[in-house]
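Our numbering puts the first residue of the sequence shown at 21, with every later residue one more than the last.
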Amino acid sequence: MFEYILGIFAESSHIPLFYLTLFVAFSFHPGLNRAVHREHLSSYAREYGMNNWLVQLCFIYFDWIILASPDKERWHKIHQAGTVQATKADTDEVPQGFFARFWFALRMQFNTRGIGWSHQPEKAPRSYPPGYPLSKFILNKLVRAAVFFFVQDQIVAYLATTPYGVYKGNEHIKPSVGLENASWAESFALCWVNITVIYVSVESGISILNILFVLCGYPVEECLPAFGDIKEMYTVRKSWGTVWHMMMRRQASSIGTWLARDVLRFRKGTFGSRYTQLFAGFLVTGAIHGFAAMLTHRDFSTNREFEFFMSQAVMIFIEDHVIKLGKALGLRPNRFWRLVGYISTIIWFGHSVAIWQSSSVRRGMWVFSPSYDLLGLGP
Numbered sequence: 021m022f023e024y025i026l027g028i029f030a031e032s033s034h035i036p037l038f039y040l041t042l043f044v045a046f047s048f049h050p051g052l053n054r055a056v057h058r059e060h061l062s063s064y065a066r067e068y069g070m071n072n073w074l075v076q077l078c079f080i081y082f083d084w085i086i087l088a089s090p091d092k093e094r095w096h097k098i099h100q101a102g103t104v105q106a107t108k109a110d111t112d113e114v115p116q117g118f119f120a121r122f123w124f125a126l127r128m129q130f131n132t133r134g135i136g137w138s139h140q141p142e143k144a145p146r147s148y149p150p151g152y153p154l155s156k157f158i159l160n161k162l163v164r165a166a167v168f169f170f171v172q173d174q175i176v177a178y179l180a181t182t183p184y185g186v187y188k189g190n191e192h193i194k195p196s197v198g199l200e201n202a203s204w205a206e207s208f209a210l211c212w213v214n215i216t217v218i219y220v221s222v223e224s225g226i227s228i229l230n231i232l233f234v235l236c237g238y239p240v241e242e243c244l245p246a247f248g249d250i251k252e253m254y255t256v257r258k259s260w261g262t263v264w265h266m267m268m269r270r271q272a273s274s275i276g277t278w279l280a281r282d283v284l285r286f287r288k289g290t291f292g293s294r295y296t297q298l299f300a301g302f303l304v305t306g307a308i309h310g311f312a313a314m315l316t317h318r319d320f321s322t323n324r325e326f327e328f329f330m331s332q333a334v335m336i337f338i339e340d341h342v343i344k345l346g347k348a349l350g351l352r353p354n355r356f357w358r359l360v361g362y363i364s365t366i367i368w369f370g371h372s373v374a375i376w377q378s379s380s381v382r383r384g385m386w387v388f389s390p391s392y393d394l395l396g397l398g399p
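Below, the structure is given as C-alpha cells:
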C-alpha cells in the first residue's frame, strides 16, 4: 500500500520513487515486517499466520504496482446488485490526489476481497444493505464473535486431549507428533475438526474487526462475514469459490487473469483461459502458504502446501469434466445428486487436507494457550 501511495507523491514532488522509498523505509525503527523472520512469535500458528500475511504483500505489490490493476481496471464502487453506483465521469477519474489515493489504498488494504467494489469476486458473500442500523450491526457481530469464540475454545480444549495437541508449556512432556500413525478415520475426523476451528476462529476475529472498522467510519456494507453459505458446499469448486474465505482471492486471480489474457492471449471463456486461471490461482495460494512455512521454519522446508493446493486444482478439473459428462448423459441437478456432491466433497477434504495438516501439527500447529474450557472437555 505504501508504494502505491508514494508513487503519486513522488510524481508530484519530482523525487525519484526509488530514493523516496528508501528514505521512508529507513526512517522507521525496525518493525514487524523486518523482525518477524528473525524473532519467534508466541506460537507456531501465529507466526505461520503472520508470515502468510507478509507473503501476500508481495502478490498485492505485483497486482497494485506492477500490473497497476486499480488504475487500469478503474476500480469503483458498485451497488450490491452489481449496478454501477458512480457516474461514468466518476469511474473514469481514478483517485490521483495524495489523500484521496491514501484513503482508497487504505480501504483496499483492509477490504481484501473488494466487497462493494467493481473488482469483487463474482460469488462474493451477501453484504449488509447501505444504511443498515449501526447498533444492530454491532450487536449481531458481538453475538457471532462470542458464539464462535466459545466453539473455538471448546475445540482447542478437546484437541489438547488428543495425542496430537498440547497446551503450551507441556511440550517437553507431550511432544508434537503428526498424523502419520493415525487411522484413516481418525485422520479424517481430525481434519474436519481442524477445518472447523479455522472457520470459527477466523469468523470470530473478522466479526471483532468489523466492529472496529465501522466505529472508525468504515461502511457497514463492506464489512462481510469471512465465509459464504455452507449450503453451497456440494462441489469442490463451489467450496473454494463460494464458501471458503476469499482473503487471498484477488492475489490468486490477478496473476491467473494476467497469464491467460495478456501472456498466453487466450480468449475469455475458453478451455485454456479457464484452466490457466484455475491452476495459476491455486499455485499462487500454494506459494503464499508454502513460502510462509519456509519463513516460519527458517529453512526451505514446507508443510506440503504446494502439493495440497495443486491437488485441489486437479480435483476441480476432474470434477468439472465429471459434471459435464453427467449432463451429456442426460442427468439433471436434483436433491439426490446434490447429496452425492455433499458426501463426495466432505470425503475429499477430509482426505486431502491430511497431507498438509500432518506436517503442520508435527511442527507445533496444535500447541495451544490454555483454553477457558467451560464445558470441561480439556485435559
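Note that the Cβ used here is the ideal one computed from N, Cα and C, for glycine as well.
This structure is a prediction, so every number in the text was calculated from the model and none was measured.
Does the beta-carbon of S33 have 16 or more other beta-carbons within 10 angstroms, so that it is buried, or is it exposed? The residue you call residue 33 lines up with position 13 of the sequence shown. Low confidence applies to S33: its pLDDT is 44, below 50, so where it sits in the model is not reliable, and the reading given next is rough at best. S33 comes out exposed.
Look at the alpha carbon of D110 and the alpha carbon of V240, and state the distance between them as a whole number of angstroms. Residue mapping note: residue 110 aligns to position 90 of the sequence shown, counting from 1. Residue mapping note: residue 240 aligns to position 220 of the sequence shown, counting from 1. Residue confidence for D110 is low, a pLDDT of 47 falling below 50, so the modelled location carries little weight and cannot support an answer.
For V387, which of helix, strand or coil comes out of DSSP? Reading the sequence shown from its first residue, position 367 is the one you call residue 387. Correct three-state label for V387: strand.
DSSP bridge partner residues for Y187 (one or two, in chain order): Position 167 of the sequence shown, counted from the start, is the residue given in the question as residue 187. Note: Y187 sits in a beta bridge opposite F388.
Quick one: what does DSSP say Q105 is sitting in, helix, strand or coil? For the purposes of this step, residue 105 is taken as residue 85 along the sequence shown, with counting starting at 1. Summary for Q105: the model assigns pLDDT 46, below 50, so the residue's position carries little reliability; its value from the coordinates is reported in the next sentence. Coil, per DSSP.
Own chain, CB closer than 6 Å to I226, minus 5 neighbours either side, in chain order: Counting from one through the sequence shown, the residue named residue 226 turns up at place 206. Correct list, in chain order: A246.
Among residues of its own chain, excluding the 5 on either side of I250, which ones have a beta-carbon nearer than 8 Å to its beta-carbon? On the sequence shown, position 230 is the one that residue 250 refers to. Closer than 8 Å at Cβ, skipping near neighbours: V263.
Nearest to V186 by alpha carbon, out of F388, L303, S155? As a first step, residue 186 is located in the sequence shown; it is residue number 166 there, counting from the start. Answer by Cα proximity: F388.
Within the chosen definition, does the segment 321–341 reach the segment 284–292 through at least 3 CB pairs nearer than 8 Å? Counting Cβ pairs under 8 Å, fewer than three are found: no touch.
Going straight from the alpha carbon of A101 to that of W376, what length do you get? On the sequence shown, residue 101 is found 81 positions in, with the first residue counted as 1. On the sequence shown, residue 376 is found 356 positions in, with the first residue counted as 1. Reliability of the predicted coordinates at A101 is poor, the pLDDT of 42 falling under 50, and the value obtained from them is presented with this limitation in mind. Linking A101 to W376 through their CA atoms gives a straight-line distance of about 38 Å.
Can you say whether P90 is buried or exposed, counting buried as having 16 or more other CB atoms within 10 angstroms of its CB? In the sequence shown, the residue the question calls residue 90 occupies position 70. In the assembly as shown, P90 is a buried residue. Its beta-carbon has 16 or more other beta-carbons within 10 Å.
For I175, I'd like the list of residues in its chain whose CB is within less than 7 Å of its CB, leaving aside the five on either flank, ordered along the chain. Locating residue 175 in the sequence shown gives position 155, where the first residue counts as 1. V213, T216, V217.
Using beta-carbon positions only, say whether V304 and F157 come within less than 8 Å of one another. As a working mapping, residue 304 is identified with position 284 in the sequence shown. As a working mapping, residue 157 is identified with position 137 in the sequence shown. Not in contact: V304 and F157 (Cβ atoms no closer than 8 Å).
Beta-carbon gap between G384 and S391 smaller than 8 Å: As a first step, residue 384 must be located in the sequence shown, where it is residue number 364. As a first step, residue 391 must be located in the sequence shown, where it is residue number 371. In this structure, S391 does not lie closer than 8 Å to G384 by Cβ.
Answer with buried or exposed for T181, where buried requires no fewer than 16 other C-beta atoms within 10 angstroms of its C-beta. In the sequence shown, residue 181 corresponds to position 161, counting from 1. Here T181 is exposed, its C-beta having fewer than 16 other C-beta atoms within 10 Å.
Does DSSP classify V381 as helix, strand or coil? On the sequence shown, residue 381 is found 361 positions in, with the first residue counted as 1. Reduced to three states, the DSSP call for V381 is helix.
C-alpha distance - V351 paired with S364, whole-angstrom precision: Walking along the sequence shown from the start, residue 351 turns up at place 331. Walking along the sequence shown from the start, residue 364 turns up at place 344. Position check: residue 351 holds Leu in this sequence, whereas Val was assumed. Looking at the two C-alpha atoms, the distance is approximately 17 Å.
From H192, M267, Q140, H309, pick the residue whose C-alpha is nearest to that of R94; which is it? Here residue 94 refers to the residue found at position 74 of the sequence shown. Minimum Cα-Cα distance from R94 among the listed residues H192, M267, Q140, H309 corresponds to Q140.
Give the C-beta separation of V256 and Q332 to the nearest angstrom, bearing in mind that I take them to be a contact with Cβ-Cβ under 8 Å. As a first step, residue 256 must be located in the sequence shown, where it is residue number 236. As a first step, residue 332 must be located in the sequence shown, where it is residue number 312. Rounded, the Cβ-Cβ distance is 7 Å, consistent with contact.
Can you have a look at A177 and say buried or exposed, based on whether 16 or more other CB atoms are within 10 angstroms of its CB? On the sequence shown, position 157 is the one that residue 177 refers to. By the neighbour-count criterion, in which a residue is buried when 16 or more other Cβ atoms sit within 10 angstroms of its Cβ, A177 is buried.
Any idea what DSSP makes of I338, helix, strand or coil? Locating residue 338 in the sequence shown gives position 318, counting from the first residue. Reduced to three states, the DSSP call for I338 is helix.
8 Å Cβ shell around L154 - same chain, five flanking residues per side excluded: Sequence index remark: in the sequence shown, residue 154 carries index 134 (1-based). Closer than 8 Å at the Cβ level, and outside the excluded window around L154, lie V234, V240.
Hey, L162 and I86: beta-carbon distance below 8 Å or not? Indexing the sequence shown from 1 puts residue 162 at position 142. Indexing the sequence shown from 1 puts residue 86 at position 66. Contact flag unset, no.
Comparing C-alpha positions only, which one of D83, I336, P353 sits nearest to W368? Translated into positions along the sequence shown, residue 368 becomes position 348. The candidate whose alpha carbon is nearest that of W368 is I336.
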